[in-house]
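Working notes, beginning with the structure itself.
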């Protein structure tokens, strides 16, 4: 509960809790309305898919926006948009205009709002609480959602049964007002931006490149994708579990969702204790197996109490796995790319859920509901077994703050921010006996360079003097050279410093900063090479 001591986090957390209640009430209304206007299992499952699909499609764009623009304004715009869509859905439902595809359109638009809100909100948590409180803050966010999941569906089921789905949609529209008001009053202190914003295309490419060049992030994304795919079966098919396996109605569906949410709240409360007792991989592996058991039990149970007990365990497993994935991502990347990394995580997890929701709906239609749930349980068992080959990384030890001491170098020529392309060469002198270790260090250096935006990285060896090795890479322009160096973290510098230590020359490795020019350019634009030797102990040039 430590993050709740921070006023900003506490205010937004409480407002988000109220909004989550509205969202869960609406989800019950939408799912149950679809069972009323369409008897098809795949159409019912598409309600969940229509909410999660936009997150898969738009999350990277949303993450790039959150890393480049005011996150508060993005959240405010997203919440206002969802308020308007929910109000329109309530009016259309009240007037009787809703068809199956019209309902999916509205839920898809709400999912678009969630896609833009998610990365901005999750990346902002690190600005509201200290790093030591971040895992607890992530767990509290999961708990807020699952408190709503535990009580909201039962309330939603009662509202739908008593008044109708239109009232559930109206309640959701009203629930956004508190969060909009809190965000409107929040004015965070933003550090002064020293570099121009990245273009959105380049920003998205930088996020993808960082993840591709970070094996630890790739492991998390792959595991989250598979977990979301398998776990989506229970939530997507839960209306059918209530109706076909237990023989209940909207209230039964609400009770099942409530049991799942109550288990998730318990899992969130246990997160801190479990993280002290087990590794991230141990938590995720146990969660996968617990969810597999829950899905299998739901497949064969026709008793409400037994199914609720299974879903209680499934809810705890759900929040433990997803919050562990989330924390692992946040603690594995520097702040300049955190929203994009979280957006990629959301794309993986919710993309798996969207694909899984549709897949399990088709499987239930073709093979029957119990068979679909058993197959989903098998996928969760595979996700647990995959941890033996691809375990989650241990996080928290690396210093991801920007390296200290680097300042843009002075140049002999007048350089504009867009001048380029810029070519960097760093000349090392390496003894023959040190070459194997040097090559290992340069392989890591190459990965880090490319992850921070360098292009066409090469390592050259002088034919006339074999002890001379030259690291060479390109950047599009001068401002991207400065941006590249601002992205190098303390951990990056430490990881690749060995190459610098192996240098055997009398002076530090020689750095040249060159600007590329073409011979067919007009004479007045042709300039000599830009060259500046290294004059201090900077290790990255």
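Numbering (the numbering used here), first residue to last: 741 to 1281.
For glycine and all other residues, C-beta sits at the position ideal for the given N, C-alpha and C.
Small disclaimer: the values here were computed from a predicted structure and weren't measured.
Residue 1156 classed as buried or exposed, judged by whether at least 16 other C-beta atoms fall within 10 angstroms = In the chain shown, the residue the question calls residue 1156 occupies position 416. A residue is called buried when at least 16 other Cβ atoms come within 10 angstroms of its Cβ; residue 1156 does not meet this threshold and is exposed.
ask   = Which partner residues does residue 1142 have in the DSSP bridge list?
value = Against the chain shown, residue 1142 aligns to sequence position 402. Looking at the DSSP assignment, residue 1142 forms a beta bridge with 1229.
ask   = Apart from the five residues just before and just after residue 1074, which ones in its own chain have a Cβ nearer than 8 Å to its Cβ?
value = Indexing the chain shown from 1 puts residue 1074 at position 334. For residue 1074, where only same-chain residues beyond five positions count, the Cβ hits under 8 Å are 1140, 1141, 1142, 1227, 1229.
inquiry  = Mapping the DSSP letters down to three states, classify residue 1179 as helix, strand or coil.
reply    = Locating residue 1179 in the chain shown gives position 439, counting from the first residue. Per DSSP, reduced to three states, the secondary structure at residue 1179 is helical.
Closest Cα partner of residue 842 within the set 854, 857, 858, 825 = Taking the chain shown and counting its residues from 1, one reaches residue 842 at position 102. Ranking 854, 857, 858, 825 by CA distance to the CA of residue 842 puts 825 first.
key: Distance, residue 1059 Cα to residue 1039 Cα   = Working through the chain shown from its first residue, we reach residue 1039 at position 299. Working through the chain shown from its first residue, we reach residue 1059 at position 319. Cα to Cα, the separation comes out at about 21 Å.
query = Nearest-angstrom Cα distance between residue 904 and residue 768?
reply = Residue numbering aside, residue 904 sits at position 164 when the chain shown is read from its first letter. Residue numbering aside, residue 768 sits at position 28 when the chain shown is read from its first letter. For the pair residue 904 and residue 768, the Cα-to-Cα distance works out to about 11 Å.
inquiry  = Rounded to the nearest angstrom, what separates residue 1088 and residue 964 at their Cα positions?
reply    = Here residue 1088 corresponds to residue number 348 of the chain shown, with the count starting at 1. Here residue 964 corresponds to residue number 224 of the chain shown, with the count starting at 1. Each residue's Cα considered, the two are about 6 Å apart.
message = For a test of the three-state rule: what should DSSP assign to residue 753, helix, strand or coil?
response = Here residue 753 corresponds to residue number 13 of the chain shown, with the count starting at 1. Of the three classes helix, strand and coil, the one that applies to residue 753 here is helix, per DSSP.
key: Residue nearest to residue 852 in terms of C-alpha spacing, selected from 804, 909, 793   = Your numbering for residue 852 matches position 112 in the chain shown. When 804, 909, 793 are compared, the shortest CA-CA separation from residue 852 is found for 793.
task = State yes or no: is the C-beta of residue 1236 within less than 9 Å of the C-beta of residue 1131?
result = The sequence position of residue 1236 within the chain shown is 496, counting from 1. The sequence position of residue 1131 within the chain shown is 391, counting from 1. In this structure, residue 1131 does not lie closer than 9 Å to residue 1236 by Cβ.
query = So, is residue 909 buried or exposed, given that buried needs 16 or more other C-beta atoms within 10 angstroms?
reply = To locate residue 909, count along the chain shown from 1; it is residue 169. Residue 909 should be labelled buried.
ask   = How about residue 806 and residue 921: are their beta carbons less than 9 Å apart?
value = Within the chain shown, numbered from 1, the residue matching residue 806 stands at position 66. Within the chain shown, numbered from 1, the residue matching residue 921 stands at position 181. Taking 9 Å as the Cβ cut-off, residue 806 and residue 921 do not qualify as a contacting pair.
task = Identify the continuous beta strand (DSSP E) that holds residue 980 and give its terminal residues.
result = Locating residue 980 in the chain shown gives position 240, counting from the first residue. First-last for residue 980: 955-980, but that is the alpha helix (DSSP H), not the beta strand (DSSP E).
request  = Quick one: residues in its chain with C-beta nearer than 6 Å to the C-beta of residue 1041, no 5 flanking neighbours on either side, listed in chain order?
outcome  = Position 301 of the chain shown holds residue 1041. Within the same chain, Cβ atoms closer than 6 Å to the Cβ of residue 1041 are found at 1047, the five residues on either side in sequence being excluded.
task = Report the residue from 1036, 934, 997 whose alpha carbon sits nearest the alpha carbon of residue 764.
result = As a first step, residue 764 is located in the chain shown; it is residue number 24 there, counting from the start. The shortest C-alpha separation from residue 764 is found at 997.
query = In the DSSP assignment, what are the bridge partners of residue 1214?
reply = If you number the chain shown from 1, residue 1214 lands on position 474. Bridge partners of residue 1214: 1163, 1195.
key: Residue(s) in a DSSP beta bridge with residue 1251   = Looking up residue 1251 in the chain shown gives position 511. Note: residue 1251 sits in a beta bridge opposite 1166.
task = Within the same chain, show all residues whose beta-carbon is closer than 7 Å to that of residue 1213, passing over the 5 residues directly before and after it, in chain order.
result = Position 473 of the chain shown, counted from the first residue, corresponds to residue 1213. Excluding residues within five positions, the ones whose Cβ falls inside 7 Å are 1164, 1189, 1194, 1195, 1196, 1197.
request  = Using the Cα positions of residue 1174 and residue 1242, report the straight-line distance between them to the nearest angstrom.
outcome  = Locating residue 1174 in the chain shown gives position 434, where the first residue counts as 1. Locating residue 1242 in the chain shown gives position 502, where the first residue counts as 1. Residue 1174 and residue 1242 have their alpha carbons spaced roughly 7 Å apart.
message = Quick test of your reading: residue 1103 and residue 1112, contact by CB under 8 Å. State the CB separation rounded to the nearest angstrom.
response = Looking up residue 1103 in the chain shown gives position 363. Looking up residue 1112 in the chain shown gives position 372. The beta carbons of residue 1103 and residue 1112 sit about 4 Å from each other, so the pair counts as a contact at 8 Å.
message = Which residue marks the beginning of the alpha helix (DSSP H) containing residue 912, and which one marks its end?
response = For this step, residue 912 is matched to residue 172 along the chain shown. Residue 912 -> alpha helix (DSSP H) spans 905-925.
request  = Name the two residues that bound the continuous alpha helix (DSSP H) containing residue 869.
outcome  = Against the chain shown, residue 869 aligns to sequence position 129. Counting along the chain, residue 869 sits inside no alpha helix (DSSP H), nor does DSSP assign it H or E at all.
query = Quick one: Cα of residue 1218 to Cα of residue 1248, how far?
reply = If you number the chain shown from 1, residue 1218 lands on position 478. If you number the chain shown from 1, residue 1248 lands on position 508. Straight-line Cα distance between these residues: approximately 23 Å.
message = Between which residues of its own chain and residue 1019 is the CB-CB distance below 6 Å, once the five residues before and five after are set aside?
response = Your numbering for residue 1019 matches position 279 in the chain shown. No residues qualify anywhere along the chain.
ask   = Can you tell which of 1205, 980, 1120, 914 has the C-alpha that lies nearest to the C-alpha of residue 766?
value = Here residue 766 corresponds to residue number 26 of the chain shown, with the count starting at 1. Per the C-alpha coordinates, the member of 1205, 980, 1120, 914 positioned closest to residue 766 is 914.
query = Whose C-beta lies closer than 7 Å to the C-beta of residue 818 among residues of the same chain, with five residues either side of it excluded?
reply = Here residue 818 refers to the residue found at position 78 of the chain shown. Result list for residue 818: 853, 856, 857, in chain order.
key: Unbroken alpha helix (DSSP H) run spanning residue 1020, endpoints   = The residue labelled residue 1020 in the question sits at position 280 within the chain shown. Counting along the chain, the unbroken alpha helix (DSSP H) around residue 1020 starts and ends at 1020-1040.
key: Residue from 1119, 1222, 1072, 950 with nearest C-alpha to residue 1146   = Walking along the chain shown from the start, residue 1146 turns up at place 406. The residue with the shortest Cα to Cα distance from residue 1146 is 1222.
ask   = From residue 917 to residue 1251, what distance separates their C-alpha atoms?
value = For the purposes of this step, residue 917 is taken as the residue at position 177 of the chain shown. For the purposes of this step, residue 1251 is taken as the residue at position 511 of the chain shown. Each residue's Cα considered, the two are about 56 Å apart.
Cβ-Cβ distance between residue 1116 and residue 971 below 9 Å = Position 376 of the chain shown, counting from 1, holds the residue named residue 1116. Position 231 of the chain shown, counting from 1, holds the residue named residue 971. Residue 1116 places its beta carbon less than 9 Å from that of residue 971.
query = The alpha helix (DSSP H) with residue 1110 in it runs from where to where?
reply = In the chain shown, residue 1110 corresponds to position 370, counting from 1. For residue 1110, the enclosing alpha helix (DSSP H) stretches over residues 1109-1126.
request  = Could you say which of 887, 901, 1024 lies nearest to residue 1009 if we only look at CA atoms?
outcome  = Taking the first residue of the chain shown as 1, we reach residue 1009 at position 269. Put simply, of 887, 901, 1024 the residue whose alpha carbon is nearest the alpha carbon of residue 1009 is 887.
query = So, are the CB atoms of residue 847 and residue 1093 less than 9 Å apart?
reply = Numbered from 1 along the chain shown, position 107 holds the residue referred to as residue 847. Numbered from 1 along the chain shown, position 353 holds the residue referred to as residue 1093. Using a Cβ distance threshold of 9 Å, residue 847 and residue 1093 do not count as a contacting pair.
key: residue 777 beta carbon less than 9 Å from that of residue 840   = Walking along the chain shown from the start, residue 840 turns up at place 100. Walking along the chain shown from the start, residue 777 turns up at place 37. Between residue 840 and residue 777, the gap from beta carbon to beta carbon is short of 9 Å.
ask   = What did DSSP end up calling residue 772 once you bin it into helix, strand or coil?
value = As a first step, residue 772 is located in the chain shown; it is residue number 32 there, counting from the start. Reduced to three states, the DSSP call for residue 772 is helix.
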